[in-house]
Amino acid sequence: MKLFGHPGSTCTRKVLCTMNELGVSHEFELVDLAKGEHKLEANLKRQPFGKIPSFEDGDVRLFESRTICRYLSDAHGQGKLTPADAAGRARMNLAIDIEASYFTPHAMTFIYEHVFKRPQGDEKLASAQQSLDHTLDVLDGILARTPYLAGADFTLGDIVYLPYLEYLALTPVFASVKARPNVSAWWTRCSERPGWQKAAGR
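Take the sequence shown: its position 64, counting from 1, is numbered 51 in the working numbering, and each next residue is one higher.
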């Protein structure tokens, strides 16, 4: 099993956390973003859109971090990280869909602005703040009922948020996370897990 990516990449970290939680051994090959290696032919053969990560497990070749995480849980999870019942799986997939559509695009606006120092413009920042606050309110409501986004157990539905929250914690916008008690407590629970701490290089 081999993962191609960069340890600072949010999408690579999702997969690393999943592997750590499952105790899956793997090889890691660095794709140096600073050198533009993600746009070179070797990476384009694995990931035709020139992104990271990509993944190999025997004859299985995958890209897109959420797909890789789902595959790892299905193929190597032995019941971990994905609920066994249909309703639980639906809640997990809903959490992942919320992350992809309504959380990450707005979180990344602030990560680009404050962490990577790529100015986003006042209008975009204001719009992103409004959208992010609404998403955090929705998540806070879910987490008022259950300790994790899919229910009682930690799942892929939680993992997918962690890389972005890790970087948001370096920005003033993290005050919006702290202002939602259920989201804040959930982040603390998740961020203290050894699988995440290892993935984040702590």
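We treat Cβ as the ideally placed atom computed from N, Cα and C, and that holds for glycine. The structure displayed is predicted, hence computed values, not measured ones.
Do the CB positions of residue i and residue j come within less than 8 Å of each other?
i       : j       : result
Phe50   : Val2    : no
Leu59   : Thr5    : yes
Leu31   : His(-7) : no
Phe(-9) : Glu16   : yes
Ala187  : Arg0    : yes
Asp127  : Val170  : yes
Pro134  : Arg180  : no
Within a Cβ cutoff of 8 Å, which residues of the same chain sit near residue i, ignoring the five residues on either side of it in sequence?
i      : result
Asp120 : Ser163
Arg105 : Tyr99
Asp124 : Arg167
Asn80  : Gly144
Arg78  : Pro70, Leu136, Ala137, Gly138 and Gly144
To which residues of the same chain is residue i closer than 6 Å at the C-beta, ignoring the five residues directly before and after it?
i        : result
Lys(-11) : Glu14 and Glu43
Trp173   : Leu130
Gly10    : none
Lys185   : Asn7
Ile55    : Val2, Phe42 and Leu49
Ser118   : His93
Tyr154   : Ile98 and Val102
In the DSSP assignment, what are the bridge partners of residue i?
i       : result
Arg57   : Answer is none; Arg57 lacks a bridge partner.
Leu48   : Sequence inspection shows Arg at residue 48; the Leu mentioned does not correspond to that position. DSSP output for Arg48 lists Glu43 as bridge partner(s).
Glu14   : Lys(-11)
Gly(-5) : None; Gly(-5) has no bridge partner.
Gly138  : Tyr135
Assign residue i to buried or exposed, taking buried as 16 or more other Cβ atoms, counted over all protein chains shown, within 10 Å of its Cβ.
i      : result
Leu143 : buried
Thr69  : buried
Gly182 : buried
Val18  : buried
Val47  : exposed
Thr122 : buried
Gln34  : buried
Ala82  : buried
Ser12  : exposed
Gly64  : buried
Arg57  : buried
Glu86  : buried
Leu152 : buried
Ala115 : buried
Report whether the distance from the Cβ of residue i to the nearest heavy atom of the ligand NAP is below 7 Å.
i      : result
Leu123 : As far as ligands go, the structure on display features none, and thus does not contain the ligand NAP.
For residue i, which residues of its own chain have a beta-carbon under 7 Å away from its beta-carbon, when the five flanking residues on both sides are left out?
i       : result
Cys(-2) : Ile39, Pro40 and Ser52
Arg76   : Thr69 and Pro70
Would you be able to state if there are at least three C-beta pairs under 8 Å between the segment 151 to 160 and the segment 88 to 102? yes
With a threshold of 8 Å, are at least 3 pairs of Cβ atoms found where one atom belongs to the segment 146 to 156 and the other to the segment 72 to 90? yes
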